[in-house]
Ligand code: AR6
Ligand code: MG
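In my numbering, the protein residues as written are 82 to 392.
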């Protein structure tokens with residue numbers, strides 16, 4: 082057991098949500114590109130336009146609001162949460178949703194129970210996409226232990242992602258966020274211990290292989306392009322959550338660099354950067370996030386107040 086139990090400060094709770102949204106919004110213009118050059122990313126960073134969030138942040142906001150509403154009772158009500166996610170999609174279907182989850186949301190909206198809706202696709206297996214992992218970070222704010230973070234994550238995942246890897250992805254991201262949030266920012270992050278803790282709550286051979294690969298890559302500090310190729314940069318959970326983890330573990334004390342690394346890994350840039358941003362922001366706090374990015378973000382205010390609600 083290596084978990085430091087530092088208190089969750091408001092700054093770190095805000096950092097978690099704002100880091101997620103910044104990664105999402107900065108990565109979104111590059112989604113689907115195999116390569117993102119440092120120059121192209123810098124141009125986006127310097128642009129005067131608003132930073133527009135996508136489905137990653139929209140659904141993380143729904144989850145954070147749900148946890149705030151149920152804080153003093155059950156924390157989670159899956160039936161309600163499924164409907165709230167579907168309502169957010171119906172209100173803003175243009176936010177960059179992938180192909181699979183809107184079909185599930187469509188069935189839920191039509192009254193099909195989520196347990197059936199999630200199995201109606203992919204030959205009954207359900208989705209192993211990263212959509213449950215991208216939105217899950219807020220559970221780390223209310224979880225009382227590492228196992229609790231993983232368990233809550235799996236429950237939030239199940240309402241859209243029936244496949245075990247979609248759920249493992251959410252458990253991994255939530256547990257990593259819990260560890261980041263509670264780590265001692267005055268001490269260097271102990272990467273082997275961090276990965277060991279994750280492997281205790283994500284008990285799956287393909288995930289353990291990824292954790293071993295992440296451990297090796299952190300030591301070699303590869304370019305983000307190489308990281309994307311080595312670990313994956315697609316919209317599957319197994320092909321993107323470990324890449325975000327690598328971005329964070331490479332720059333645990335620099336949220337801006339962790340986000341840049343996530344974007345420059347290519348592919349599902351917004352989601353990888355959103356997950357990396359949530360992890361790094363949870364460790365370093367909102368105060369460490371670039372002012373000029375925050376000023377451009379379209380929903381800073383809502384994220385700010387939700388973070389305060391949850392601490
Ligand atoms: N079999 C084959 N392919 C699959 C399976 C499966 N069981 N499950 C997922 N895929 P999806 P998400 C592939 O569509 O998890 C937004 O852009 C399939 O290629 O269920 O909500 C967000 O920003 C599918 O298109 O949705 C995220 O980037 C892909 O995995 C992403 O979408 C994603 O699964 C979130 O995706
Ligand atoms: Mg995406």
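Glycine residues also receive a C-beta, built at the ideal position from the N, C-alpha and C atoms.
I'd like to confirm the pairing. Which residues does DSSP put opposite residue i in its beta bridges?
| i | result |
| --- | --- |
| residue 386 | DSSP output for residue 386 lists no bridge partner at all. |
| residue 132 | 378 |
| residue 317 | 210 |
With 16 as the cutoff for other CB atoms within 10 Å, does residue i come out buried or exposed?
| i | result |
| --- | --- |
| residue 298 | buried |
| residue 356 | buried |
| residue 82 | Bear in mind that the predicted position of residue 82 carries a pLDDT of just 47, short of 50, making it too unreliable to give a figure here. |
| residue 432 | The shown model of the chain, from 82 to 392, leaves out residue 432, and the question about it has no answer. |
| residue 135 | buried |
| residue 86 | exposed |
| residue 127 | exposed |
| residue 328 | buried |
| residue 130 | exposed |
| residue 307 | exposed |
| residue 182 | buried |
| residue 191 | exposed |
| residue 138 | buried |
| residue 153 | exposed |
| residue 63 | Missing from the structure shown is residue 63; the chain here goes from 82 to 392 and no further. |
| residue 186 | buried |
| residue 321 | buried |
| residue 118 | exposed |
Below 8 Å between beta carbons: does that hold for residue i and residue j?
| i | j | result |
| --- | --- | --- |
| residue 235 | residue 224 | no |
| residue 331 | residue 346 | no |
| residue 196 | residue 221 | no |
| residue 237 | residue 261 | no |
| residue 219 | residue 391 | yes |
| residue 366 | residue 92 | yes |
| residue 344 | residue 108 | yes |
| residue 370 | residue 132 | no |
Relative to the alpha-carbon of residue i, which residue among the options has its alpha-carbon at the smallest distance?
| i | options | result |
| --- | --- | --- |
| residue 244 | 209, 149, 122 | 209 |
| residue 122 | 337, 388, 378 | 337 |
| residue 386 | 149, 109, 125 | 149 |
| residue 317 | 226, 353, 296 | 353 |
| residue 340 | 259, 106, 188 | 106 |
| residue 88 | 226, 198, 202, 104 | 226 |
| residue 217 | 198, 315, 249 | 249 |
| residue 266 | 294, 202, 334 | 334 |
| residue 166 | 156, 288, 189, 151 | 189 |
| residue 240 | 285, 144, 286, 268 | 144 |
With three or more beta-carbon pairs closer than 8 Å as the criterion, would you say the stretch 166-179 touches the stretch 225-233? Under the three-pair Cβ rule at 8 Å, the stretch 166-179 does not count as touching the stretch 225-233.
Measuring CB atoms only, is the stretch 88-101 touching the stretch 360-371, in the sense that at least three cross pairs come out at less than 8 Å? yes
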